[in-house]
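> Note that the protein sequences, when read in sequence, are chains A and B. So in my numbering the end of the first sequence lands on 121, straight run, no missing numbers. So in my numbering the end of the second sequence lands on 242, straight run, no missing numbers. Even for Gly, the Cβ is constructed at its ideal location relative to N, Cα and C. Just so we're clear, the structure is a prediction, and the values are computed from it rather than from any experiment.
Protein chains: 2
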Amino acid sequence: MRAIIFFGHGARDERWREPFDRLAALWQAQNPDTPVELAFLELMQPSLSGAVQKIVTQGIKDIFVVPVFFGQGSHLRNDFPKILEECRSEFSEISLSATPAVGENLLVLQAIIDYADHSLN
Amino acid sequence: MRAIIFFGHGARDERWREPFDRLAALWQAQNPDTPVELAFLELMQPSLSGAVQKIVTQGIKDIFVVPVFFGQGSHLRNDFPKILEECRSEFSEISLSATPAVGENLLVLQAIIDYADHSLN
Numbered sequence: 001m002r003a004i005i006f007f008g009h010g011a012r013d014e015r016w017r018e019p020f021d022r023l024a025a026l027w028q029a030q031n032p033d034t035p036v037e038l039a040f041l042e043l044m045q046p047s048l049s050g051a052v053q054k055i056v057t058q059g060i061k062d063i064f065v066v067p068v069f070f071g072q073g074s075h076l077r078n079d080f081p082k083i084l085e086e087c088r089s090e091f092s093e094i095s096l097s098a099t100p101a102v103g104e105n106l107l108v109l110q111a112i113i114d115y116a117d118h119s120l121n
Numbered sequence: 122m123r124a125i126i127f128f129g130h131g132a133r134d135e136r137w138r139e140p141f142d143r144l145a146a147l148w149q150a151q152n153p154d155t156p157v158e159l160a161f162l163e164l165m166q167p168s169l170s171g172a173v174q175k176i177v178t179q180g181i182k183d184i185f186v187v188p189v190f191f192g193q194g195s196h197l198r199n200d201f202p203k204i205l206e207e208c209r210s211e212f213s214e215i216s217l218s219a220t221p222a223v224g225e226n227l228l229v230l231q232a233i234i235d236y237a238d239h240s241l242n
């Protein structure tokens with residue numbers, strides 16, 4: 001059994017996480033057999049380690065992390081690999097994989113274009 | 122004639138803007154009659170005012186700003202409305218509208234779900 005973690009930046013304003021909560025709810029509705037957690041780089045809880053811990057207690061050993069970032073700047077190129085490595089050391093019995101940032105995906109960009117197009121017309 | 126501005130956060134790492142450049146290129150290819158510019162809140166140029174200036178010099182008076190943010194935290198709830206108002210004062214002959222953040226759009230969130238689903242399977 002596998003689980004997925006949507007990993008976002010985090011923010012001081014609690015309302016910032018609303019689309020992330022919606023993302024988790026959508027995932028769970030469409031993939032009832034693959035548990036989902038959110039995790040944040042900073043300013044919001046849980047951390048990636050905290051989210052992995054929650055999943056591990058369910059006996060799941062295969063976790064995919066999807067970075068919900070547009071650009072791959074220093075957060076994703078420097079901070080994220082370190083955090084991922086720390087989690088791999090902390091949970092050595094777990095397989096922890098990560099995808100590229102969602103902003104690298106053409107269909108995500110196309111959905112933004114469609115949204116903009118719809119907003120203008 | 123109208124123009125569109127994709128408004129992002131900005132980052133120190135130049136490579137962070139790559140998906141934004143791709144977004145602008147996609148928009149232009151699909152909407153050749155609606156000029157597009159990028160603008161950034163901080164750490165990257167141009168600012169919103171700089172992007173509006175570029176558009177205004179083309180004689181366009183109707184501009185839509187699409188915030189390319191997931192969550193609506195203090196950047197979008199506090200900073201962005203102020204910047205928008207400053208631009209409206211600076212360019213009083215221009216109509217400047219803004220959509221909600223792209224992360225508020227269900228089809229954008231669904232595209233992220235589809236990307237995650239595809240990455241896992």
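By a C-beta neighbour count over all protein chains shown, 10 Å radius and 16 as the cutoff for buried, is G50(A) buried or exposed?
Exposed is the call here.
> Among residues of its own chain, excluding the 5 on either side of V66(A), which ones have a beta-carbon nearer than 6 Å to its beta-carbon?
Answer for V66(A): F6 and T99, listed in chain order.
> If you draw a straight line from the alpha carbon of P32(A) to that of S210(B), how long is it in whole angstroms?
Rounded to the nearest angstrom, the two C-alpha atoms are 50 Å apart.
> So, for G180(B): in the same chain, excluding its five sequence neighbours on each side, which residues have a beta-carbon less than 8 Å away from its beta-carbon?
Around G180(B): M122.
> For R123(B), which beta-bridge partners are listed by DSSP?
Answer is D183(B).
> Only counting the same chain, and skipping five residues up and downstream in sequence, which positions put a Cβ closer than 8 Å to that of S216(B)?
Closer than 8 Å at the Cβ level, and outside the excluded window around S216(B), lie K182, D183 and I184.
> Between which two residues does the alpha helix (DSSP H) holding L159(B) run?
Per DSSP, L159(B) belongs to no alpha helix (DSSP H); it is in the beta strand (DSSP E), V157 to F161.
> Just to confirm the assignment, what range does the beta strand (DSSP E) spanning F216(B) have?
Before going further, note that residue 216(B) is Ser rather than Phe in the sequence given. S216 to A219 is the extent of the beta strand (DSSP E) around S216(B).
> Look up G103(A) in the DSSP assignment and say whether it is helix, strand or coil.
It is helical.
> Here's the rule I'm using: 16 or more other beta-carbon atoms within 10 Å means buried, otherwise exposed. How should L169(B) be labelled?
Buried.
> If you compare alpha carbons, which of A29(A), V68(A) and P81(A) is closest to L38(A)?
Looking at the Cα atoms, V68(A) is the closest of the given residues.
> Is S240(B) close to chain A, meaning its C-beta is less than 8 Å from at least one C-beta of that chain?
Chain A contact via Cβ: present.
> Counting only beta-carbon atoms, is Q151(B) nearer than 8 Å to chain A?
Yes - at least one Cβ of chain A is within 8 Å of the one on Q151(B).
> Hey, would you say L23(A) sits closer than 8 Å to I233(B), going by beta carbons?
Yes.
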